[in-house]
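Student:
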Amino acid sequence: KNEVEQSPQNLTAQEGEFITINCSYSVGISALHWLQQHPGGGIVSLFMLSSGKKKHGRLIATINIQEKHSSLHITASHPRDSAVYICAVLSGSARQLTFGSGTQLTVLP
Amino acid sequence: DTEVTQTPKHLVMGMTNKKSLKCEQHMGHRAMYWYKQKAKKPPELMFVYSYEKLSINESVPSRFSPECPNSSLLNLHLHALQPEDSALYLCASSHKVDRDSPLHFGNGTRLTVT
Numbered sequence: 094k095n096e097v098e099q100s101p102q103n104l105t106a107q108e109g110e111f112i113t114i115n116c117s118y119s120v121g122i123s124a125l126h127w128l129q130q131h132p133g134g135g136i137v138s139l140f141m142l143s144s145g146k147k148k149h150g151r152l153i154a155t156i157n158i159q160e161k162h163s164s165l166h167i168t169a170s171h172p173r174d175s176a177v178y179i180c181a182v183l184s185g186s187a188r189q190l191t192f193g194s195g196t197q198l199t200v201l202p
Numbered sequence: 008d009t010e011v012t013q014t015p016k017h018l019v020m021g022m023t024n025k026k027s028l029k030c031e032q033h034m035g036h037r038a039m040y041w042y043k044q045k046a047k048k049p050p051e052l053m054f055v056y057s058y059e060k061l062s063i064n065e066s067v068p069s070r071f072s073p074e075c076p077n078s079s080l081l082n083l084h085l086h087a088l089q090p091e092d093s094a095l096y097l098c099a100s101s102h103k104v105d106r107d108s109p110l111h112f113g114n115g116t117r118l119t120v121t
C-alpha cells in the first residue's frame, strides 16, 4: 500500500465545473504539498499546508491532520487547469517528500 | 516562469558520452534537490544539498554525480548512462531543509539516452 494515495487517477470535467481531488496518507507528516505539472514537465507548487485551509484564486486546499486527508478544490474550472495534480507529504527529519501517483485532470471547453 | 532555471531543456546522449545538467536559482535558497521522473510516475528524490553539502543520496548509481559549486548552482554530471536512465530530471530549491520552506521546481531537463 502506498503511503500517499490520490483519487481519482483520472478526471474529466466540463468547463465551469467544481472539481475535487483527494489525497490520503498513512504516515505522520509535517506538511503537505499540492503540486501542478503541465505536459511540458515543469512543476509548480500550488500550496504547502500543515493545517486548516488555504485559498489562492480559484484554488482551495484543505487538510485534516486527524483524518490524514487533504483535498484540492478548483472552482469554475477552465481548460487551462488541465494538468497532473500531485499530492506530496513531507515527513521525517530529512525533508523527504513522498509523492502520490497524481491525478490527470482534463477540463473540456 | 519559474525562478529555478534548468539547462538544457532537452538532451540526447549516447551511453559513452559525458554530459552535465545545470540548475540555477537566485532566491538565496540554501537547499537544492535533484529528482528523476519517469513517464506517468511521480518524481523520485535523487540528491539533497544543504548549504552546499550533500546531505541525502538516495542510493543513486555512481554514473550520476552531483556537484554544488556554490549556493546558486547545482550540477548533475552524467557518465556511462543506460537507456533506462532516460527520464525528466527536475531540480528544486527551498529556503532551507525544513518543514516551513516550500519547494520551487524548475521546468526540468528531458534526457534521452540512446
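Sequence lines, in order, name chains A and B. In this text, residue positions in the first sequence follow this note's numbering: the first is 94, and each later residue adds one. In this text, residue positions in the second sequence follow this note's numbering: the first is 8, and each later residue adds one. The beta carbon of each residue, even a glycine, is placed where N, CA and C say it ideally should be. Predicted, not measured: the structure shown is a model, and the values here were computed from it.
1. Would you kindly work out how many angstroms separate the C-alpha atoms of residue 154 of chain A and residue 126 of chain A, rounded to a whole number?
2. How about residue 200 of chain A and residue 171 of chain A: do their beta carbons lie closer than 8 Å?
3. So which residues of chain A does residue 111 of chain B contact, with C-beta pairs closer than 7 Å?
4. So with CB distances below 9 Å, who are the chain B contacts of residue 104 of chain A?
5. How is residue 59 of chain B classed by DSSP in three states: helix, strand or coil?
6. Step through the CB atoms of chain B and report whether any lies within less than 8 Å of the CB of residue 159 of chain A.
7. Under 8 Å, Cβ to Cβ, is there at least one residue of chain B near residue 192 of chain A?
8. Identify, in the order they occur along the chain, each residue of the same chain with its Cβ nearer than 8 Å to the Cβ of residue 44 of chain B, setting aside the five sequence neighbours on each side.
9. Beta carbon of residue 97 of chain A, beta carbon of residue 130 of chain A: below 8 Å?
10. What does residue 189 of chain A reach in chain B if we use C-beta pairs closer than 9 Å?
11. Can you tell me which of A:164, A:198 and A:138 puts its alpha carbon nearest to the alpha carbon of residue 146 of chain A?
12. Taking Cβ-Cβ distances below 8 Å as the criterion, which residues of the stretch 112-132 of chain A are in contact with chain B?
Tutor: Reading it off the structure:
1. If you draw a straight line from the Cα of residue 154 of chain A to the Cα of residue 126 of chain A, it is about 10 Å long.
2. Between residue 200 of chain A and residue 171 of chain A, the C-beta gap is smaller than 8 Å, which places the two residues in contact.
3. Correct list: 138.
4. The premise fails here: residue 104 of chain A is roughly 15 Å from chain B at the closest Cβ pair, so nothing lies under 9 Å.
5. Correct three-state label for residue 59 of chain B: coil.
6. By this cut-off, residue 159 of chain A is not an interface position.
7. By this cut-off, residue 192 of chain A is an interface position.
8. Around residue 44 of chain B: 50, 51, 94, 95, 96, 97 and 115.
9. It is not a contact, given that the beta carbons lie outside the stated cut-off.
10. Per Cβ cutoff of 9 Å: 52, 55, 63 and 65.
11. Measuring from the Cα of residue 146 of chain A, the nearest candidate turns out to be A:164.
12. The stretch 112-132 of chain A vs chain B, Cβ under 8 Å: 123, 124, 126 and 128.
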